[in-house]
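Peer 1: In the working numbering, the protein residues as written are 13 to 97. The beta-carbon is built from N, C-alpha and C at its ideal position, and this holds for glycine as well. Because the structure is a prediction, the values reported are computed rather than measured. This is the structure, below, for whatever I ask next.
Written out as structure tokens, the structure is:
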């Protein structure tokens, strides 16, 4: 999954660079190191997005578990209070 995010970001960066060169009406193969820089930059963004997605899913799972535990404790307290009355 990480590799596909990095490659997808790098491919998108290359497309952005080609689009930029088309807008400027320059040869697509002009300044090749800039193409590599765009690919690396967008690849890093793709990696960051993948890591962020994994981390956010972990946080969501932790919070769902905490909510589940709180609801269980609350229902147990309500049941105990109903028995005491």
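According to DSSP, is residue 97 helix, strand or coil?
Peer 2: Counted from its first residue, the chain shown places residue 97 at position 85. In this structure, residue 97 counts as coil in the three-state DSSP scheme.
Peer 1: Which residues in the same chain have their Cβ closer than 8 Å to the Cβ of residue 55, if we skip the five residues on either side of it in sequence?
Peer 2: Start at 1 with the first residue of the chain shown, and residue 55 comes out as number 43. Cβ within range, chain order: 18, 19, 21, 22 and 25.
Peer 1: Just checking residue 29 against the ligand NAP - is the residue's beta carbon closer than 7 Å to any of the ligand's heavy atoms?
Peer 2: The model on display carries no ligand, and the ligand NAP is accordingly not part of it.
Peer 1: So, residue 51 versus residue 40, is the Cβ gap smaller than 8 Å?
Peer 2: To locate residue 51, count along the chain shown from 1; it is residue 39. To locate residue 40, count along the chain shown from 1; it is residue 28. No; because the gap between Cβ atoms is not below 8 Å, this pair is not in contact.
Peer 1: Taking residue 15 as the reference, give the member of 57, 47, 30 and 28 with the closest Cα.
Peer 2: For the purposes of this step, residue 15 is taken as residue 3 along the chain shown, with counting starting at 1. Comparing Cα positions, the closest option is 57.
Peer 1: Apart from the five residues on each side of it in sequence, which residues of its chain come closer than 7 Å, Cβ to Cβ, to residue 79?
Peer 2: Residue 79 sits at position 67 when you count from the first residue of the chain shown. Answer for residue 79: no residue qualifies.
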